[in-house]
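Participant: To start, I am sharing the structure in question, which I have written as structure tokens.
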Amino acid sequence: MKPGITGECFCGEVKYEIDGSLHDARSCHCSRCRKAFSSQASAYALVEANDFNWLSGENLLTSYIGEHGFGLQFCSQCGSTLCGVFDGRIHGVTLGCVNGDPEIELGRHIYVGSKASWEIIPEGVPQYQENIPEIESN
Ligand SMILES: [Zn+2]
Ligand SMILES: [Zn+2]
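Here the working numbering is used: the sequence shown runs in plain steps of one and ends on residue 505.
Right under this line is the structure:
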């Protein structure tokens with residue numbers, strides 16, 4: 368078995384381990400994600416909640432739960448956003464806090480129709496003006 372994926376915040380107090388793999392890495396360029404990730408877009412991948420474990424610093428986590436029950440958890444000491452939660456369970460992780468190579472690449476850019484005016488999106492990766500059709504119909 369290969370060693371699990373690890374991640375940590377900027378100050379290093381909050382650490383986690385994933386005993387599995389990441390799925391469906393995506394970057395969302397909508398105005399909400401830009402604010403939530405303090406960046407040009409989100410960089411986020413899904414994880415099985417059962418595969419995810421906090422190693423340290425869980426007591427430093429602060430959560431912000433949005434209107435649809437989806438929330439983000441971040442380090443109250445340094446401000447790094449570490450993971451997304453839904454219904455109190457881990458939903459995914461922010462790729463910026465993953466250590467090393469998690470053996471996944473961003474597979475799609477979504478909501479590029481509302482990207483920031485100053486952003487230039489790299490070519491060669493599927494881009495969608497809004498969400499991908501399969502998810503919209505759910
Ligand atoms: Zn921190
Ligand atoms: Zn978004």
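All residues carry an ideal CB built from backbone N, CA and C; glycine is no exception. Only a predicted model underlies this, so the values are computations on that prediction, with no experimental measurement involved.
In three-state terms, what does DSSP make of D391?
Facilitator: Residue numbering aside, residue 391 sits at position 24 when the sequence shown is read from its first letter. Here D391 sits in strand by DSSP.
Participant: Is S423 helix, strand or coil by DSSP?
Facilitator: Residue mapping note: residue 423 aligns to position 56 of the sequence shown, counting from 1. Here S423 sits in strand by DSSP.
Participant: Of all the options A416, Y411 and E470, which has the alpha carbon lying nearest to the alpha carbon of I372?
Facilitator: Start at 1 with the first residue of the sequence shown, and residue 372 comes out as number 5. Residue E470 is the option with its Cα nearest to I372.
Participant: Is the closest heavy atom of ligand 1 to the C-beta of E380 under 7 Å?
Facilitator: Numbered from 1 along the sequence shown, position 13 holds the residue referred to as residue 380. The answer is yes for E380.
Participant: Below 8 Å between beta carbons: does that hold for Q444 and L422?
Facilitator: Within the sequence shown, the letter at position 77 stands for residue 444. Within the sequence shown, the letter at position 55 stands for residue 422. It is not a contact, given that the beta carbons lie outside the stated cut-off.
Participant: Please classify Y383: does DSSP put it in a helix, a strand, or coil?
Facilitator: Within the sequence shown, the letter at position 16 stands for residue 383. Here Y383 sits in strand by DSSP.
Participant: Any heavy atom of ligand 4 closer than 7 Å to the CB of S443?
Facilitator: For ligand 4, the structure offers nothing, since it holds only ligand 1 and ligand 2.
Participant: In three-state terms, what does DSSP make of C378?
Facilitator: As a working note, residue 378 is residue 11 in the sequence shown. Of the three classes helix, strand and coil, the one that applies to C378 here is coil, per DSSP.
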